[in-house]
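Note that the numbering used here numbers the sequence shown so that position 36 is 57, with each residue one more than the last.
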Amino acid sequence: LHDYGKTPRPGRKVGHCTLLGEDRKTVTERLAALETLLQSLRT
Numbered sequence: 022l023h024d025y026g027k028t029p030r031p032g033r034k035v036g037h038c039t040l041l042g043e044d045r046k047t048v049t050e051r052l053a054a055l056e057t058l059l060q061s062l063r064t
């Protein structure tokens, strides 16, 4: 996770995540897990 330290506002990019894996399947699985985590933080 790379946090840019910016104040959040609509449409502003405040950071990004980099996912790595040995193959596409691994990266896809990690992305799904990250999406689940992010959804739980939004509620």
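Just so it is clear, CB atoms sit at the ideal spot from N, CA and C, and this is done for glycine as well.
Just so we're clear, the structure is a prediction, and the values are computed from it rather than from any experiment.
Nearest-angstrom Cβ-Cβ length linking residue i and residue j, presumed shorter than 8 Å
{"i": "Leu40", "j": "Leu52", "result": "6 Å"}
Residue j beta carbon less than 8 Å from that of residue i
{"i": "His23", "j": "Gly36", "result": "yes"}
{"i": "Cys38", "j": "Leu55", "result": "yes"}
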